[in-house]
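Enquirer:
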Amino acid sequence: MKILVVGGGGREHAIIRKLKENKTVTEIYALPGNGGIANDATCVPIGAKDIDKIVDFAVQNAIDFAVVAPDDPLVLGAVDRLNEVGIPCFGPTAKAAAIEGSKVFSKNLMKTYHIPTASYETFTDPKDALTYLADCAYPTVLKADGLALGKGVVIAQNKQEAEEAVHSIMEDKIFGDSGNALVIEEFLTGPEVSVLAFTDGKTVKPMVSSMDHKRIGDNDTGPNTGGMGTIAPNPYYTPDVAERCMKEIFLPTIEAMNKEGRTFRGCLYFGLMLTPNGPKVIEYNCRFGDPETQVVLPLLKSDLLSIMQATANGTLADTPVEFKDGAACCVVMASSGYPLKYETGFPITAPETLPADNEIYYAGAKLDGERLLTAGGRVLGAVAVDDNLPNAVKKAYALTETIHFANAVKRSDIGRRALEKGVN
Ligand code: AMP
Ligand code: GLY
Numbered sequence: 000m001k002i003l004v005v006g007g008g009g010r011e012h013a014i015i016r017k018l019k020e021n022k023t024v025t026e027i028y029a030l031p032g033n034g035g036i037a038n039d040a041t042c043v044p045i046g047a048k049d050i051d052k053i054v055d056f057a058v059q060n061a062i063d064f065a066v067v068a069p070d071d072p073l074v075l076g077a078v079d080r081l082n083e084v085g086i087p088c089f090g091p092t093a094k095a096a097a098i099e100g101s102k103v104f105s106k107n108l109m110k111t112y113h114i115p116t117a118s119y120e121t122f123t124d125p126k127d128a129l130t131y132l133a134d135c136a137y138p139t140v141l142k143a144d145g146l147a148l149g150k151g152v153v154i155a156q157n158k159q160e161a162e163e164a165v166h167s168i169m170e171d172k173i174f175g176d177s178g179n180a181l182v183i184e185e186f187l188t189g190p191e192v193s194v195l196a197f198t199d200g201k202t203v204k205p206m207v208s209s210m211d212h213k214r215i216g217d218n219d220t221g222p223n224t225g226g227m228g229t230i231a232p233n234p235y236y237t238p239d240v241a242e243r244c245m246k247e248i249f250l251p252t253i254e255a256m257n258k259e260g261r262t263f264r265g266c267l268y269f270g271l272m273l274t275p276n277g278p279k280v281i282e283y284n285c286r287f288g289d290p291e292t293q294v295v296l297p298l299l300k301s302d303l304l305s306i307m308q309a310t311a312n313g314t315l316a317d318t319p320v321e322f323k324d325g326a327a328c329c330v331v332m333a334s335s336g337y338p339l340k341y342e343t344g345f346p347i348t349a350p351e352t353l354p355a356d357n358e359i360y361y362a363g364a365k366l367d368g369e370r371l372l373t374a375g376g377r378v379l380g381a382v383a384v385d386d387n388l389p390n391a392v393k394k395a396y397a398l399t400e401t402i403h404f405a406n407a408v409k410r411s412d413i414g415r416r417a418l419e420k421g422v423n
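Going left to right, the sequence shown walks through residues 0 to 423 as numbering that gives the first Met the number 0 numbers them.
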């Protein structure tokens, strides 16, 4: 089997490593991949948003199965285009990817189908948004409608901050056309849980739950990032909560998408908040999360390629999706200054071989001859798996001590909140 993976971050590295466990896989191409992924796949310098070139490459190289991992190509219709030329894919069509691509769409979907979420209003005229802000409750949450590199959410503590967000998103268009429409929603409180779920549009098989750490600084301080670390499973996600989420959120969402004629196949990511009034959806993503994937896939016992194929051909009900007991932790090592301004091009040194319970997944890395250099904000994720969370956290941090590059930063408290809660 010749596999193509679209994308080039830590998430894609984790996916590729897992796909390689399947003995029928003979070749994996990563478009564009990165310098660290180059150890595990053939990297081809085609950008993840360059759909025409991706399709041409897939046809010319007789690709048997394609995995489209990032949000942009999914929303742009990469799966539709690959399917048109007869290549089966893991990932939703553009119509289904709207569940992430448009917050207005996803909020309206939840309202129509009674899926619990924060109450909200949508706006296309900044004047109306400003009028609404005059007497709404604070804090309040403002969200650009479209994709915004994970940065389109502003939690405004007061009217002035909210008004500034309306000006910058809707008038100055800091997120481009993503700010043509705006959602303003109720501020919710409670522990956050990420649940990634495989689905073929009929059956939903959730993966082990996880917890992201989105802020750059310890104790959740400083600006939001793509994610500075993760742990799995999330101890707040008890079997009772899981049962409730399946009944009130997961199955109703799949059903709602079917009723809308937007059947979702692939990985649906539920960003949940466990509020005092029950679990509510904070966001949907139409793809694997990053860095959630880096802790979820190492715990997967079943064959990833078979599951991905089953989501595409509608046989997920008959395909095992099983996870190991135990826990995983991913500590992201980033370039100092991220998520704002940072320098790159520093050599990375890491152990040549790792024990079976350690993984390094590269994100912002490029090859310069034989040398691996930093090339992005988030450089890599150091991952460890163990029988329990305390040991997984300890081992992931021990692994970071063996990896070196200039100006490296990391959070020192990944997993702390989960450990305080205690392990189920
Ligand atoms: P997102 O970019 O949609 O993942 O949102 C970023 C973060 O903003 C989430 O992980 C939450 O911590 C926070 N957030 C989003 N919506 C709400 C809300 N309605 N109430 C409280 N926090 C929120
Ligand atoms: N870690 C959150 C995301 O992938 O959007």
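Glycine residues also receive a C-beta, built at the ideal position from the N, C-alpha and C atoms.
1. In angstroms, rounded to a whole number, what distance separates the CA positions of Asn423 and Thr237?
2. Start and end of the alpha helix (DSSP H) containing Asn257?
3. Quick check on Leu3: buried or exposed, where buried means 16 or more other Cβ atoms within 10 Å of its Cβ?
4. So is Pro72 buried or exposed if we call it buried at 16+ other beta carbons inside 10 Å?
5. Have a look at Asp134, Tyr360, Thr401 and Val203 and flag the residue whose alpha-carbon is nearest the alpha-carbon of Gly32.
6. Would you check if there are 3 or more beta carbon pairs closer than 8 Å linking the stretch 295 to 303 to the stretch 337 to 353?
7. Which residues in the same chain as Gly35 place their Cβ atom closer than 6 Å to its Cβ, once the five residues preceding and following it in sequence are excluded?
8. So, with DSSP's three-state summary, where would you put Gly9?
9. Any heavy atom of the ligand AMP closer than 7 Å to the CB of Gly90?
10. Once DSSP output is grouped into helix, strand and coil, what is the label at Gly421?
11. Indicate the three-state DSSP secondary structure (helix, strand or coil) for Met416 in the structure shown.
12. Give me, in chain order, the residues of the same chain whose beta-carbon lies closer than 6 Å to that of Asp63; leave out the 5 immediate sequence neighbours on both sides.
13. If you count every other CB in all the chains shown that lies within 10 Å of the CB of Phe186, and 16 or more means buried, which is it?
14. If you draw a straight line from the alpha carbon of Leu141 to that of Met307, how long is it in whole angstroms?
15. Count the other CB atoms, across all protein chains shown, that sit within 10 Å of the CB of Thr123; report buried if there are 16 or more and exposed otherwise.
16. Please classify Gly6 as buried or exposed, where buried requires at least 16 neighbouring CB atoms within 10 angstroms.
17. Roughly how far, in whole angstroms, is the beta-carbon of Asp289 from the beta-carbon of Gly8, given that I think they are within contact range, below 8 Å?
18. How many Å lie between Val103 and Thr352 at the Cα?
19. Who are the near neighbours of Pro297 in its chain, counting only those whose CB is closer than 7 Å to its CB and skipping five residues on each side?
20. Going by the C-beta, is Gly288 closer than 7 Å to any heavy atom of the ligand GLY?
21. Going by CA-CA distance only, name the one from Ile281, Arg16, Arg410 and Val78 that's closest to Arg264.
22. Let me know the secondary structure DSSP gives Lys19 once reduced to three states.
23. Please determine if the stretch 386 to 402 and the stretch 36 to 56 are in contact, where contact requires at least 3 C-beta pairs separated by less than 8 Å.
24. Would you mind reading off the limits of the alpha helix (DSSP H) that contains Phe104?
25. If you reduce the DSSP assignment to three classes, tell me which class Ala381 lands in.
26. Looking only at its own chain, which residues have a Cβ that is under 7 Å from the Cβ of Glu162, when we skip the five neighbours before and after it?
27. Could you pull out every unbroken alpha helix (DSSP H) segment of at least 4 residues lying fully inside the stretch 190 to 242, listed in chain order?
28. Please determine whether the Cβ atom of Gly149 lies at a distance below 7 Å from any heavy atom of the ligand GLY.
29. State the DSSP-derived secondary structure class of Arg410, mapped to helix, strand or coil.
30. Work out the CA separation of Val294 and Gly421 for me, nearest whole Å.
31. If you pair each beta-carbon of the stretch 225 to 237 with each one of the stretch 155 to 171, do three or more pairs fall below 8 Å?
32. If you measure from the CB of Asn284, is any heavy atom of the ligand GLY nearer than 7 Å?
33. How about Asp70 and Glu99: are their beta carbons less than 8 Å apart?
34. Taking the DSSP output, what are the residues bridged to Met332?
35. Thinking just about the alpha-carbon of each residue, which of Met169, Ile281, Thr188 and Pro190 is nearest to the one in Leu181?
Expert: Taking the geometry as given:
1. Counting from 1 along the sequence shown, the entry for residue 423 is found at position 424. Counting from 1 along the sequence shown, the entry for residue 237 is found at position 238. For Asn423, the predicted structure reports a pLDDT of 46, less than 50, and the residue's modelled location is therefore unreliable. A value from the coordinates is still provided. Distance between the alpha carbons of Asn423 and Thr237 is about 7 Å.
2. Counting from one through the sequence shown, the residue named residue 257 turns up at place 258. Note, Asn257: alpha helix (DSSP H), Leu250 to Lys258.
3. Taking the sequence shown and counting its residues from 1, one reaches residue 3 at position 4. Classification of Leu3: buried, given that the 10 Å Cβ count is 16 or more.
4. Sequence index remark: in the sequence shown, residue 72 carries index 73 (1-based). Counting Cβ neighbours within 10 Å, Pro72 comes out buried, since at least 16 surround it.
5. Against the sequence shown, residue 32 aligns to sequence position 33. Closest by alpha carbon: Tyr360.
6. no
7. Counting from one through the sequence shown, the residue named residue 35 turns up at place 36. Excluding positions up to five away in sequence, the list reads Tyr361 and Ala364.
8. Your numbering for residue 9 matches position 10 in the sequence shown. Three-state DSSP puts Gly9 in a helix.
9. On the sequence shown, position 91 is the one that residue 90 refers to. Result no, Cβ not under 7 Å from the ligand AMP.
10. In the sequence shown, residue 421 corresponds to position 422, counting from 1. The answer is coil: DSSP assigns Gly421 none of H, G, I, E or B.
11. On the sequence shown, residue 416 is found 417 positions in, with the first residue counted as 1. What sits at residue 416 in the sequence shown is Arg, not Met. Helix at Arg416.
12. In the sequence shown, the residue the question calls residue 63 occupies position 64. These residues qualify, in order along the chain: Met0 and Lys1.
13. Translated into positions along the sequence shown, residue 186 becomes position 187. The residue in question, Phe186, is exposed, as its Cβ has fewer than 16 Cβ neighbours within 10 Å.
14. Position 142 of the sequence shown, counting from 1, holds the residue named residue 141. Position 308 of the sequence shown, counting from 1, holds the residue named residue 307. Computed Cα separation, rounded: 34 Å.
15. Within the sequence shown, numbered from 1, the residue matching residue 123 stands at position 124. Its Cβ having fewer than 16 others within 10 Å, Thr123 is exposed.
16. Taking the sequence shown and counting its residues from 1, the one referred to as residue 6 is at position 7. When all chains shown are included, Gly6 counts as buried.
17. Counting from one through the sequence shown, the residue named residue 289 turns up at place 290. Counting from one through the sequence shown, the residue named residue 8 turns up at place 9. With a Cβ gap of about 6 Å, Asp289 and Gly8 count as contacting.
18. Mapped onto the sequence shown, residue 103 falls at position 104. Mapped onto the sequence shown, residue 352 falls at position 353. The straight-line gap from Cα to Cα measures roughly 47 Å.
19. For the purposes of this step, residue 297 is taken as the residue at position 298 of the sequence shown. So the qualifying residues of the chain are Ala327, Glu358, Val382 and Val384.
20. For the purposes of this step, residue 288 is identified with residue 289 of the sequence shown, where counting begins at 1. Checking every heavy atom of the ligand GLY against the Cβ of Gly288, one is found closer than 7 Å.
21. Numbered from its first residue, the sequence shown carries residue 264 at position 265. Minimum Cα distance to Arg264 is reached at Val78.
22. Within the sequence shown, residue 19 is the residue found at index 20, counting from 1. Coil.
23. no
24. Here residue 104 is taken as the residue at index 105 of the sequence shown, counted from 1. Unbroken alpha helix (DSSP H) run through Phe104: Lys102 to Thr111.
25. Counting from one through the sequence shown, the residue named residue 381 turns up at place 382. Ala381: strand per DSSP, three-state reduction.
26. Here residue 162 corresponds to residue number 163 of the sequence shown, with the count starting at 1. Here the set comprises Leu129 and Leu132.
27. none
28. As a first step, residue 149 must be located in the sequence shown, where it is residue number 150. The answer is yes for Gly149.
29. One-based indexing of the sequence shown puts residue 410 at position 411. Coil.
30. Taking the first residue of the sequence shown as 1, we reach residue 421 at position 422. Taking the first residue of the sequence shown as 1, we reach residue 294 at position 295. Each residue's alpha carbon lies about 18 Å from the other.
31. no
32. Position 285 of the sequence shown holds residue 284. Under cutoff, so the answer is yes.
33. Walking along the sequence shown from the start, residue 70 turns up at place 71. Walking along the sequence shown from the start, residue 99 turns up at place 100. Contact: yes.
34. Within the sequence shown, residue 332 is the residue found at index 333, counting from 1. Its beta-bridge partners are Leu379.
35. By one-based count along the sequence shown, residue 181 stands at place 182. Nearest option by C-alpha distance: Met169.
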